[in-house]
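Quick mapping for you: the protein sequence lines, in order, are chains B and E.
Quick note on our numbering: the first sequence kicks off at 1 and runs consecutively.
Quick note on our numbering: the second sequence kicks off at 116 and runs consecutively.
Accompanying notes for the structure given below.
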Amino acid sequence: AQKVTQAQTEISVVEKEDVTLDCVYETRDTTYYLFWYKQPPSGELVFLIRRNSFDEQNEISGRYSWNFQKSTSSFNFTITASQVVDSAVYFCALSEANYGQNFVFGPGTRLSVLP
Amino acid sequence: DTGVSQNPRHKITKRGQNVTFRCDPISEHNRLYWYRQTLGQGPEFLTYFQNEAQLEKSRLLSDRFSAERPKGSFSTLEIQRTEQGDSAMYLCASSLYPGQGVTGELFFGEGSRLTVL
Chain B
1 AQKVTQAQTE ISVVEKEDVT LDCVYETRDT TYYLFWYKQP PSGELVFLIR RNSFDEQNEI
61 SGRYSWNFQK STSSFNFTIT ASQVVDSAVY FCALSEANYG QNFVFGPGTR LSVLP
Chain E
116 DTGVSQNPRH KITKRGQNVT FRCDPISEHN RLYWYRQTLG QGPEFLTYFQ NEAQLEKSRL
176 LSDRFSAERP KGSFSTLEIQ RTEQGDSAMY LCASSLYPGQ GVTGELFFGE GSRLTVL
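The structure is reproduced here in structure tokens:
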């Protein structure tokens with residue numbers, strides 16, 4: 001069955017520090033998709049990135065980077081030089097291509113960036 | 116139309132009453148999902164549609180919950196005989212499914228917050 005674990009419940013950093021949010025997943029499928037979403041205090045979930053299981057290339061987008069490792073079933077998210085506006089709850093999610101295709105979300109990590 | 120629209124945004128009701136939420140997805144999206152989120156938790160899957168067909172429903176979903184998407188456009192989620200445990204944020208999301216198992220990302224609405232007194 002699908003499962004997503006985000007072991008870090010809350011993280012606090014000081015502005016300009018780098019921070020990594022961990023995500024570990026379980027799946028029975030060979031084709032699957034991984035996602036990260038941001039939920040700021042306003043409440044609406046915002047899509048950040050989508051990765052398919054065949055593409056293990058790491059990705060960088062501005063201050064954001066993602067490290068996908070199939071060997072450890074992990075899809076970690078790093079924010080470089082954090083800013084106060086990065087304060088939010090971040091969710092990792094998994095969707096299997098061949099079993100139901102619903103999205104399973106992790107419990108989220110609350111990131112607080114202090115000025 | 117630039118995003119997923121949900122209404123009402125807030126609903127306060129008394130235990131035992133029925134409530135209905137509406138979701139208007141992004142117009143070209145063929146998939147529509149309903150999730151529930153309680154404080155401090157991640158979104159919990161309820162059900163999803165591809166066009167007008169309901170393809171999957173969570174086993175955790177009580178039979179008091181029913182969802183429809185009659186013409187493959189907007190969707191409604193009805194909760195009958197509400198209980199205090201139903202208090203949550205109900206999230207709707209849509210996505211484009213191009214077929215062959217390729218999964219597009221979900222775009223979420225702002226949610227409908229239900230409070231059952």
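Glycine included, C-beta positions come from ideal geometry on N, C-alpha and C.
No experiment lies behind these values; they were computed from the predicted model shown.
Check                                                                                                                       : Outcome
Min CB distance Gln-121 (chain E) to chain B below 8 Å                                                                      : no
Euclidean distance between Cα positions of Cys-92 (chain B) and Leu-147 (chain E)                                           : 19 Å
Beta-carbon proximity check, Gly-187 (chain E) vs Gln-121 (chain E), cutoff 8 Å                                             : no
Buried/exposed call for Arg-184 (chain E), threshold 16 Cβ in 10 Å                                                          : buried
Residues from the segment 97-109 of chain B in contact with chain E, defined by Cβ distance under 8 Å                       : Ala-97, Asn-98, Gly-100, Gln-101, Asn-102, Phe-103, Val-104, Phe-105, Gly-106, Pro-107 and Gly-108
Presumed contact (8 Å Cβ cut-off) between Gln-195 (chain E) and Ala-182 (chain E), rounded CB distance                      : So it is not a contact: roughly 12 Å between Cβ atoms.
Partners in chain E for Phe-75 (chain B), counting only beta-carbon separations shorter than 7 Å                            : Those within 7 Å of Phe-75 (chain B) in chain E number zero; the least Cβ separation is about 14 Å.
Thr-162 (chain E) burial status per 10 Å Cβ neighbour count (16 or more: buried)                                            : buried
Min CB distance Pro-213 (chain E) to chain B below 8 Å                                                                      : no
Separation of Tyr-33 (chain B) from Ser-87 (chain B), as counted between CA atoms                                           : 25 Å
Beta-bridge partners of Ser-227 (chain E), as assigned by DSSP                                                              : E:Tyr-205
Nearest-angstrom Cβ-Cβ length linking Cys-207 (chain E) and Val-119 (chain E), presumed shorter than 8 Å                    : 6 Å
Residue-level contact to chain E via CB, Tyr-33 (chain B), 8 Å cutoff                                                       : yes
Contact set between the segment 35-68 of chain B and chain E, restricted to residues whose Cβ is under 7 Å from the partner : Phe-35, Gly-43, Glu-44, Leu-45, Phe-47 and Arg-50
Given Gly-219 (chain E) as reference, the closest of B:Val-14, B:Ala-81, B:Ala-97 and B:Pro-107 once Cα atoms are compared  : B:Ala-97
Between the CA atoms of Gln-57 (chain B) and Glu-114 (chain B) - distance to the nearest angstrom                           : Per the sequence presented here, residue 114 (chain B) reads as Leu, with Glu not at that position. One C-alpha to the other measures close to 31 Å.
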